[in-house]
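Worksheet for the structure shown next.
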Amino acid sequence: MPQIVTFQKEAVYIYHATMQINITTVETSSEGAWQGDNPLHYAFPMLIIQTTLVLLITRFLACLLKPLRQPKVIAEILGGILLGPSALGRNKDFMRLVFPSWSTPILESVASIGLLFFLFLVGLELDLSAIRRTGKRAVGIAVAGISLPFLFGIGVTFLLRKFVDGEDKVSYPQFLIFMGVSLSITAFPVLARILAELKLLTTQVGQTAIAAAAFNDVAAWILLALAVALAGNSTAGGAHKSPLISIWVLISGVAFVLFMLLIIRPVMNWVACQCSPEHDKIDEAYIGLTLAGVMAAGFMTDLIGMHSIFGAFVFGLTIPKGGEFAGRLIKRIEDFVSGLLLPLYFASSGLKTDVAKIQGAGAWGLLVVVISTACAGKILGTFVVAMLCMIPARESLALGVLMNTKGLVELIVLNIGKEKKVLNDETFAILVLMALFTTFMTTPTVMAIYKPAHRGISSHIRRQLQRQSPLTENSQGSDDLRILACVRGPGNVPSLINLIESTRTTNKSLLKLYVMQLVELTDRSSSIVMVQRARKNGFPFSNRLQRGELRDQVATAFKADM
Numbered sequence: 001m002p003q004i005v006t007f008q009k010e011a012v013y014i015y016h017a018t019m020q021i022n023i024t025t026v027e028t029s030s031e032g033a034w035q036g037d038n039p040l041h042y043a044f045p046m047l048i049i050q051t052t053l054v055l056l057i058t059r060f061l062a063c064l065l066k067p068l069r070q071p072k073v074i075a076e077i078l079g080g081i082l083l084g085p086s087a088l089g090r091n092k093d094f095m096r097l098v099f100p101s102w103s104t105p106i107l108e109s110v111a112s113i114g115l116l117f118f119l120f121l122v123g124l125e126l127d128l129s130a131i132r133r134t135g136k137r138a139v140g141i142a143v144a145g146i147s148l149p150f151l152f153g154i155g156v157t158f159l160l161r162k163f164v165d166g167e168d169k170v171s172y173p174q175f176l177i178f179m180g181v182s183l184s185i186t187a188f189p190v191l192a193r194i195l196a197e198l199k200l201l202t203t204q205v206g207q208t209a210i211a212a213a214a215f216n217d218v219a220a221w222i223l224l225a226l227a228v229a230l231a232g233n234s235t236a237g238g239a240h241k242s243p244l245i246s247i248w249v250l251i252s253g254v255a256f257v258l259f260m261l262l263i264i265r266p267v268m269n270w271v272a273c274q275c276s277p278e279h280d281k282i283d284e285a286y287i288g289l290t291l292a293g294v295m296a297a298g299f300m301t302d303l304i305g306m307h308s309i310f311g312a313f314v315f316g317l318t319i320p321k322g323g324e325f326a327g328r329l330i331k332r333i334e335d336f337v338s339g340l341l342l343p344l345y346f347a348s349s350g351l352k353t354d355v356a357k358i359q360g361a362g363a364w365g366l367l368v369v370v371i372s373t374a375c376a377g378k379i380l381g382t383f384v385v386a387m388l389c390m391i392p393a394r395e396s397l398a399l400g401v402l403m404n405t406k407g408l409v410e411l412i413v414l415n416i417g418k419e420k421k422v423l424n425d426e427t428f429a430i431l432v433l434m435a436l437f438t439t440f441m442t443t444p445t446v447m448a449i450y451k452p453a454h455r456g457i458s459s460h461i462r463r464q465l466q467r468q469s470p471l472t473e474n475s476q477g478s479d480d481l482r483i484l485a486c487v488r489g490p491g492n493v494p495s496l497i498n499l500i501e502s503t504r505t506t507n508k509s510l511l512k513l514y515v516m517q518l519v520e521l522t523d524r525s526s527s528i529v530m531v532q533r534a535r536k537n538g539f540p541f542s543n544r545l546q547r548g549e550l551r552d553q554v555a556t557a558f559k560a561d562m
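Yeah, the sequence shown ends on 562 if you go by UniProt numbering, and it's all consecutive.
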């Protein structure tokens, strides 16, 4: 029998067993308190309260963790757990007031839109051609970082199926693939943020980690698609459908990917050409159609039996990485998605995480085993291959710790596993804590074992700065004065010219000026990735937004003032 929850003039039917909730009679907005309405009984005011609460808690935790140099994702995961049944959610009155059961589908739907566009951004920032150009070193490290955790996952799968109630009802291949992916995945966006925080983006370790993580990301999503196809072969009660269903899902998935790469990709190349610098402006219709394409791609993969995020991810891969179009897309949606919608996804995930389900010494022992296995598999596999690639031991160990970063991508995998009934509440809580611990330990561990700022340049790359006093015929015995000038835009040029002129001593002294354009490194993952994407002409990814326009303005300003 359905449970009936009655608010003024409205009824909400909640089927707890199947999670199918009829909310058609829930009104969107209230008439106001003066009319006697309670805004918390209406969908949109409730969503506003939930969003505000989530943002306040996650930002507060982010401020607390900032001195520890932790990525923002740690605060968002902790905020979601605190709002769930593990902490504040243990108060039934709080849950009924702020997170009533009828509001859950609304919150999850809004959060899923954010997740959809986040995976689109991940695909947009992953350059397949760059992955193909990566050296054997990065590919070997990525393969080892996936393979060994998968092998270790066999033992973890056996233990969890034996000691966690209900997991033995899930087919072994499904459970093994989900466990293997959760143990072997590397969160590319979180890793980029950590490398930027530790100032390792331009080091040998940072460049290798970014390349290996990109390859790892693509492989993990392929394996996860396989796991979802296999999981679609089971019903909620644990019964198995025909194995042909999984085969058809896989065939449909391959056909979808081929369609996107062979048909949609040339179309998006044409769209990118229409948005090139040769045109005066970007037609907003192209932006709107692309965003609609993200939704359509998500719908198609959901229709064929895969999760909608796969469609958005593949659609992001089809968009050309060069030119103004990709940069404009990132600029339009990244702040809104990462700043507002993704915290809602962490909150909805936290509402499903009940740490109290981990009961007894045996369950906590399983948590220790899972964490140890995840760390050992990832770090050991990466360390061994890095040593074989002649990377020093300390840097190889730091690389292994960096590749063990989990974060948001791990939560996506776990939530899909829970939706597909592969992971129960206890296993889900164990793996969420594992993701939280492995990500939290990354920054302090790397700081302890690898300190390039204190040790100078990497031990296997020696560079020497020599002081020279060139004497040439043109200088007539005078020393050259070399100045490195850093600018952000044309507005900085006049004051910089005045400062440079004040340093000149005599007219006979040669002045050599080297101009460097600065690029702001913000919390955006795209601003971090662009540091790695230096074009052959020396200008970074971000300047594709202006494609030489800003560069020409700076050069013109210097010529006019010099």
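Heads up, the beta-carbon is just placed ideally off N, CA and C, and yes, glycines get one too.
- Annotation: the stretch 113 to 147 contains no complete segment of the beta strand (DSSP E) (minimum length 3 residues).
- Judged by beta-carbon spacing, Ile74 lies within the 8 Å limit of Thr439, meaning their Cβ atoms are closer than that value.
- Looking at the DSSP output, Arg482 shares a beta bridge with Lys512.
- In this structure Phe325 is in contact with Val271, their Cβ atoms being roughly 7 Å apart against a cut-off of 8 Å.
- Around the beta carbon of Ala435, 16 or more other beta carbons lie within 10 angstroms, which makes this residue buried.
- In the DSSP assignment, Cys375 falls within the alpha helix (DSSP H) that extends over 360 to 388.
- A contact is defined here as three or more CB-CB pairs under 8 Å, and the stretch 46 to 54 fails this definition with respect to the stretch 383 to 402.
- Scanning its chain for C-beta atoms nearer than 6 Å, with the 5 sequence neighbours on each side dropped, one finds around Gly80 the residues Phe346, Ala347, Ser349, Gly350, in chain order.
- Scanning the stretch 379 to 440 for uninterrupted alpha helix (DSSP H) segments of 4 residues or longer gives 393 to 403, 408 to 419, listed from N- to C-terminal end.
- When only Cα atoms are considered, Ser30 and Val110 end up about 20 Å apart.
- Counting of Cβ neighbours within 10 angstroms places Ala296 among the exposed residues, the total staying below 16.
- In the three-state scheme derived from DSSP, where H, G and I count as helix and E and B as strand, Phe99 is classed as coil.
- Contact between Lys378 and Gly407 is absent: CB atoms are separated by about 14 Å, not below the 8 Å threshold.
- The continuous stretches of alpha helix (DSSP H) do not include Tyr450, and DSSP gives it neither H nor E.
- Going by beta carbons, Gly145 and Asn216 fall inside the 8 Å limit.
- In the structure shown, Leu61 adopts helical secondary structure according to DSSP, grouped into three states.
- The three-state reading of DSSP puts Leu340 in helix, counting H, G and I together.
- Assigned with DSSP and collapsed to three states, Pro243 falls in helix.
- The stretch 194 to 209 makes no contact with the stretch 161 to 170, as fewer than three CB pairs between them are under 8 Å.
- Straight across, the Cα-Cα distance linking Gly339 with Gly89 is about 24 Å.
- Lys352 places its beta carbon 8 Å or farther from that of Gly114.
- Pro320 and Phe336 have their C-alpha atoms spaced approximately 22 Å apart.
- Here Leu414 really is in contact with Ser182; their C-beta atoms are around 6 Å apart, less than 8 Å.
- Check the Cα spacing between Thr157 and each of Ile141, Ala62, Phe175, Ala213: the tightest is with Phe175.
- Around the beta-carbon of Met300, 16 or more other beta-carbon atoms lie within 10 Å, marking it buried.
- Excluding five sequence positions before and after Asp302, the CB atoms of its chain that fall closer than 6 Å to its own CB belong to Ser308, given in chain order.
- According to the DSSP assignment, Ile319 belongs to no alpha helix (DSSP H), since it is labelled neither H nor E.
- In terms of Cβ geometry, Gly253 and Ala220 do not form a close pair [threshold 8 Å].
- If the five residues before and after Ile287 are omitted, its C-beta is found closer than 8 Å to the C-beta atoms of Arg328, Leu329, Arg332, all from its own chain and listed in chain order.
- Per DSSP, Asp283 is not a residue of any alpha helix (DSSP H), being assigned neither H nor E.
- Taking the C-beta atoms as reference points, Glu426 is found nearer than 8 Å to Val164.
- Annotated three-state conformation of Asn216 is helix, per DSSP.
- If the five residues before and after Arg265 are omitted, its C-beta is found closer than 7 Å to the C-beta atoms of Thr318, all from its own chain and listed in chain order.
- When the beta-carbon positions are compared, Leu344 and Leu61 stay at least 8 Å from each other.
- Within the same chain, and ignoring the five residues on either side of Ile371 in sequence, the residues whose Cβ sits closer than 6 Å to its Cβ are Met434, Phe437.
- In the same chain as Tyr450, and ignoring 5 residues on each side of it, the C-beta atoms closer than 7 Å to its own belong to Val205, Arg394, Glu395, Ala398, in chain order.
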